[in-house]
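Per the working numbering, the very first residue in the sequence shown carries number 14; after that it's consecutive. The beta-carbon is built from N, C-alpha and C at its ideal position, and this holds for glycine as well.
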Amino acid sequence: MEFRLKVNAAHNSPARAVTADAARNFQAHDFAGGAAVLFTAAAPWKKTAPNEDRAALISCGKGCGVLAVTDGLGGLPAGREASDTVIAALVRELSGTGRRGAALDAAVEAALQSANRALLAGGLGNACTIGTAVVEGLTVRAGHAGDTEVLVTNRRGGRKFRTAAHSPSGAALSSGALSEEQALRHPQRNIVNNVIGGADFYLEAGDAVALAAGDTVTVASDGLWDNFYEREISHMICAAKLPEAAANLAAAAARRMAGGDGDGLPGHADDLTFILYRPNP
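Below you can see the structure in the form of structure tokens.
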């Protein structure tokens, strides 16, 4: 799969939106006072079906921006179009606005509510999940709907923050009713109960998390979370420079989805998209 970047029409202005459409090399982009790497690939079983994931880096001004990943719901019509609708709404609302703090968070919420209304009005039944991370200075604020999640780890791979998937298995994992291994094997693992394109959509917003040198923010579709223990993800991220960390994740995911790494975990073949972000030291 060749590497291509779609750059929003605003690229000639100081604010730029960079969207990953298909990526196999791992280029670090200067973004929001740090660096970000994007990766997206269709599920290995897909021959003609589209990759329903999308990802974007949306600059909101110096030292501030939004990381966003969407995952169109499989089994519903036009999942890719739902992802495109949501990313386009975020780009329109956020690019170059210069908003900060609560005003920026409100703009993210407004863009997603607008996209939700558009999907409902379209009557196609299409929907997607989303994970967002608002990076502002040395803080990050996560938001999500569904099982596209956000993880913040320190330089040693320790968890600083993680969202809880809006799903039966995600809720059980968060409450301690299921172990991580049980959640990965749960028969309702693919069921989500909060999506953009749903009548009851809401964006769950997390508190601000302070970032330090070596911390990594990961925003990813369920193609990542359904294939690895969190400790595996953290280890692959913290042990390498950002482009190498992205390559490690992508290669390991390909092996696991193919059932070729011999660790006994079930490989869940799916579209895979992630963004890794680190603040500059």
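Status (buried if at least 16 other CB within 10 Å, exposed otherwise) for residue i
i	result
D235	buried
W58	exposed
T61	exposed
N293	exposed
S180	buried
D283	buried
A225	exposed
Limits of the alpha helix (DSSP H) - the one that residue i falls within
i	result
P256	L255 to M270
I100	G92 to L107
G135	G114 to G135
R244	E243 to C251
Per DSSP, cross-strand counterpart(s) of residue i
i	result
P304	Coverage of the chain is limited to positions 14 through 294, which leaves residue 304 absent and any answer about it impossible.
L289	V50 and T231
S72	G78
T145	A81 and G156
A164	One detail in the question is off: residue 164 reads as Leu in this sequence, not Ala. According to DSSP, L164 bridges with R175 and T231.
Where residue i sits in the DSSP three-state scheme
i	result
R198	coil
D84	strand
G138	coil
S192	coil
A55	coil
G210	coil
L224	coil
A218	strand
A184	helix
L237	helix
Rounded Cβ spacing between residue i and residue j (contact assumed at less than 8 Å)
i	j	result
F174	A233	About 14 Å; that fails the 8 Å criterion.
L78	L70	The question names Leu, but residue 78 in the sequence shown is Gly. 6 Å between Cβ atoms; contact.
H199	S182	4 Å
G156	E217	6 Å
G111	C73	7 Å
V82	G144	5 Å
L255	A48	6 Å
T98	A124	In fact, because the Cβ distance is near 11 Å, the residues do not count as touching under 8 Å.
Start-to-end residues for the beta strand (DSSP E) that takes in residue i
i	result
F174	R172 to R175
L168	Reading off the sequence, residue 168 comes out as Arg, not Leu. Note, R168: premise wrong, no beta strand (DSSP E); not H, not E.
V153	T152 to A158
F44	H42 to F44
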